Every structure is written in C-alpha cells, then in structure tokens.
Amino acid sequence: MPTPQEIQNVFSPFYNAETNIWERFSEKITVREFQKNEVIKDYQSVEKYLNIVAKGSVGLFVWNGKKDICINLLYEHSFMSDYFSFLKQQPSGIKTQALEDCTLWSISYPDLNELYSRNETGLRIGKAIPEILFLRKQQDQINLLTLSPEERYLNLINQRPEIFQRTPLKIIASYLGLTAESLSRLRKRVTRK
Numbered sequence: 006m007p008t009p010q011e012i013q014n015v016f017s018p019f020y021n022a023e024t025n026i027w028e029r030f031s032e033k034i035t036v037r038e039f040q041k042n043e044v045i046k047d048y049q050s051v052e053k054y055l056n057i058v059a060k061g062s063v064g065l066f067v068w069n070g071k072k073d074i075c076i077n078l079l080y081e082h083s084f085m086s087d088y089f090s091f092l093k094q095q096p097s098g099i100k101t102q103a104l105e106d107c108t109l110w111s112i113s114y115p116d117l118n119e120l121y122s123r124n125e126t127g128l129r130i131g132k133a134i135p136e137i138l139f140l141r142k143q144q145d146q147i148n149l150l151t152l153s154p155e156e157r158y159l160n161l162i163n164q165r166p167e168i169f170q171r172t173p174l175k176i177i178a179s180y181l182g183l184t185a186e187s188l189s190r191l192r193k194r195v196t197r198k
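Read in order, the letters of the sequence shown correspond to residues 6 to 198 in our numbering.
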C-alpha cells in the first residue's frame, strides 16, 4: 500500500494539497501486480481503474487491423489508464499491457468519484488528473505531427534514455510512428554523426 507521501510525490509537480487529502486518496488504492507481457485491460473492455505506475512499464496499444500500434509508453510515477473508457465506463479500442513486471497503484471509478464528492479539494484533484494526462498526450501528438523521425528519436533519447534499455525496439518504433527497420537505420545514422 503506498503511503500518503508517495502519492503526494506523484502529484506534486502538478498539484499541491494538504497531507490529509493524500491520506484519504491512499486509503482507496489497491495494489495490483502484472507480469511482463500480461494484458492489464484488453481491447473492447471497460477500464475500471485509474492507475499510477509504481514499478515497471506499461504500453497502450490500438489495433490497426494487422498489428498493435503503440500510442503511449509509461514508466514509474506516471498515470496510466484508458482514460476515455474510464470516464465513460464504456468499452474502447485500447489495450494496456505490462512491458515489464509491474506494480500499479489503482483506484476504482466508484472510489475516485467518492473522493471527488467529499470536498472542493477532492474536486481539484479530480481536475488535476485529466490535466496531467492531457498535457503529456498533447505534447506527444505535437511531436508526432511537427518533428521529423530523427528529431522524435533524439527527443526520446534526451528525455527518457532508460526506454532503450527497458522497452523492445519494435514497440519504441511503433510509438515513434516508424517501422522497426526504419528505427534501426535511424539509430545507425545518428550513431555515425
């Protein structure tokens, strides 16, 4: 079970609140563990939890009719959820999968809504969560649309170098909008510079 301080550390770059708020939040957390490659939430199912990756890594995927396409890579202290499905409590076309053995701190939809309804601070936390998710995803989309493959690759190396030791290259390639072969050529070209 995470401590209130551990929960506060995840939120603190985005939102500050009194310790007692994090105590109530941490009381609602369920610790869930998944093995590498285990599906956390499958395609066309409902997301029942909002998660924080406590340990390990997770990928979010969509199916393009032929293969999985990685739309997000998440590591320690990241919020992880098929948030569209979570908000609407309806199935969606996103799959979440453990890329390494991982531990998630999970809060259920009913428990999170109960926290929101308790007081104004609970509502502010509720507002902070989608803002955190939106900011990260918005930057990913901007990068995908405005940067060259080489620039996206270099950004990933600079911002999250651990990804290349922890995540299979074919998943990184998919996340960058490349084929595995294109990523391999790009890596060789960048290394020679």
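Every residue, glycine too, gets a C-beta built ideally from N, C-alpha and C.
Owing to the predicted nature of the structure, the values given are computational and were not obtained by experimental measurement.
C-beta atoms of residue i and residue j nearer than 7 Å
i, j, result
"Thr108", "Glu38", "yes"
"Asn42", "Met85", "no"
"Pro7", "Ile34", "yes"
"Lys2", "Asp87", "This structure cannot speak to residue 2, because the chain is shown only from 6 to 198."
"Gly64", "Ile176", "yes"
"Trp110", "Ala59", "yes"
Residue i versus residue j: straight-line alpha-carbon distance, rounded
i, j, result
"Phe169", "Leu181", "13 Å"
"Arg165", "Glu105", "16 Å"
"Asn118", "Gln94", "12 Å"
"Arg194", "Glu156", "13 Å"
"Asp73", "Pro115", "30 Å"
"Glu167", "Leu92", "31 Å"
"Val36", "Pro173", "26 Å"
"His82", "Trp27", "15 Å"
"Gly70", "Asn21", "43 Å"
"Arg3", "Thr151", "Because the chain spans 6 through 198 in this model, residue 3 falls outside it and cannot be assessed."
"Leu183", "Ser122", "44 Å"
"Gln146", "Ile112", "27 Å"
"Tyr158", "Arg197", "15 Å"
CA nearest to the CA of residue i, picked from the options
i, options, result
"Gly98", "Ile162, Ile177, Ile76", "Ile76"
"Asn25", "Val36, Ser17, Gln13", "Gln13"
"Ser153", "Ser122, Leu188, Trp68", "Leu188"
"Tyr80", "Ile162, Arg192, Asn160, Ala103", "Ala103"
"Val15", "Leu138, Lys142, Thr172", "Leu138"
"Lys100", "Leu78, Arg123, Leu150", "Leu78"
"Val67", "Ser179, Arg197, Ser83, Thr196", "Ser179"
"Pro18", "Glu136, Ile74, Asp73, Val36", "Glu136"
Nearest-angstrom Cβ-Cβ length linking residue i and residue j, presumed shorter than 8 Å
i, j, result
"Val44", "Ser90", "The pair is not a contact, with the Cβ atoms about 14 Å apart (cut-off 8 Å)."
"Pro96", "Gln49", "5 Å"
"Leu120", "Arg29", "6 Å"
"Arg171", "Ser62", "6 Å"
"Asn148", "Asn160", "6 Å"
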